[in-house]
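A short write-up of the structure that comes next.
Residue numbers (this note's numbering): 1029 to 1171.
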């Protein structure tokens, strides 16, 4: 079994980025103990030392589903801020999400239909004479 997981602080403050780094360390230790292989796909460093904004990883293993069941969702870290001593807030939230594995599609220019039309609305004589609107449709998907 193979899954792509993202651990992120979202738009949270510096404390949330610190929590992502701590949770990532614990997550990878527990994954290794459970016999799950991991590969870090991307890692966005945080605004201060020892912080991480977001990390995306690929996990592989037989016991992946039960392992992830206890991790996926929102994590609340309760503790005082080490960055702002007199800050009132003590709950810091991060997210652990499973990302869809996208399959690569081959793209051919022959599959795209281009259509030119005249635009609508005010604009005088130029609008009535010039095809300035272009619509491109990918025929296999209809997009």
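No residue lacks a Cβ here, since even glycine has one placed at the ideal position from N, Cα and C.
Bear in mind that the values here come from a model prediction, so they are computed numbers and not experimental data.
By Cβ distance below 8 Å, which residues in the same chain neighbour residue 1029 in space, the five residues on each side in sequence not counted?
-> To locate residue 1029, count along the chain shown from 1; it is residue 1. Result list for residue 1029: 1088, 1089, 1090, 1092, 1093, in chain order.
Identify whether residue 1125 lies in helix, strand or coil by the three-state DSSP scheme.
-> Mapped onto the chain shown, residue 1125 falls at position 97. Residue 1125: strand per DSSP, three-state reduction.
Going by CA-CA distance only, name the one from 1049, 1118, 1062 that's closest to residue 1124.
-> Translated into the one-based positions of the chain shown, residue 1124 becomes position 96. Per the Cα distances, 1049.
Local Cβ density within 10 Å of residue 1122, reported as buried at 16 or more and exposed below that = Residue numbering aside, residue 1122 sits at position 94 when the chain shown is read from its first letter. Answer is buried; the Cβ neighbour count reaches 16.
Could you have a look at residue 1156 and say whether DSSP puts it in helix, strand or coil?
-> Taking the first residue of the chain shown as position 1, residue 1156 is located at position 128. Per DSSP, reduced to three states, the secondary structure at residue 1156 is helical.
Mind the definition here: the region 1151-1170 touches the region 1065-1082 only if three or more C-beta pairs lie below 8 Å; say whether that holds.
-> By the C-beta criterion, the region 1151-1170 is judged not to be in contact with the region 1065-1082, since fewer than 3 inter-stretch pairs fall below 8 Å.
Report the three-state DSSP secondary structure of residue 1075 (helix, strand or coil).
-> Counting from one through the chain shown, the residue named residue 1075 turns up at place 47. For residue 1075, the three-state secondary structure derived from DSSP is coil.
Cutoff 6 Å; reference residue 1047; Cβ partners in own chain excluding five residues on either side = Sequence index remark: in the chain shown, residue 1047 carries index 19 (1-based). For residue 1047, where only same-chain residues beyond five positions count, the Cβ hits under 6 Å are 1105, 1120, 1122.
On the DSSP bridge assignment, give the partners of residue 1163 in chain order.
-> Taking the chain shown and counting its residues from 1, one reaches residue 1163 at position 135. Looking at the DSSP assignment, residue 1163 forms a beta bridge with 1143.
Straight-line Cα distance separating residue 1034 from residue 1057 | Reading the chain shown from its first residue, position 29 is the one you call residue 1057. Reading the chain shown from its first residue, position 6 is the one you call residue 1034. Residue 1057 and residue 1034 have their alpha carbons spaced roughly 16 Å apart.
Are residue 1007 and residue 1126 closer than 8 Å when you measure CB to CB?
-> What the structure shows of the chain is the stretch from 1029 to 1171, and residue 1007 is not part of that stretch, so it cannot be assessed.
Exposure label - residue 1162; buried when at least 16 CB within 10 Å = Indexing the chain shown from 1 puts residue 1162 at position 134. It counts as exposed.
Exposed or buried, which one is residue 1164 when buried takes at least 16 other CB atoms within 10 Å?
-> Within the chain shown, the letter at position 136 stands for residue 1164. Around the beta carbon of residue 1164, fewer than 16 other beta carbons lie within 10 angstroms, which makes this residue exposed.
To which residues of the same chain is residue 1045 closer than 8 Å at the C-beta, ignoring the five residues directly before and after it?
-> Residue numbering aside, residue 1045 sits at position 17 when the chain shown is read from its first letter. If you ignore the 5 residues before and after residue 1045, its C-beta comes within less than 8 Å of the C-beta of 1037, 1074, 1075, 1076, 1079, 1080, 1081, all in its own chain and listed in chain order.
Backbone secondary structure at residue 1108 - three-state DSSP = On the chain shown, residue 1108 is found 80 positions in, with the first residue counted as 1. In the structure shown, the three-state DSSP call for residue 1108 is coil.
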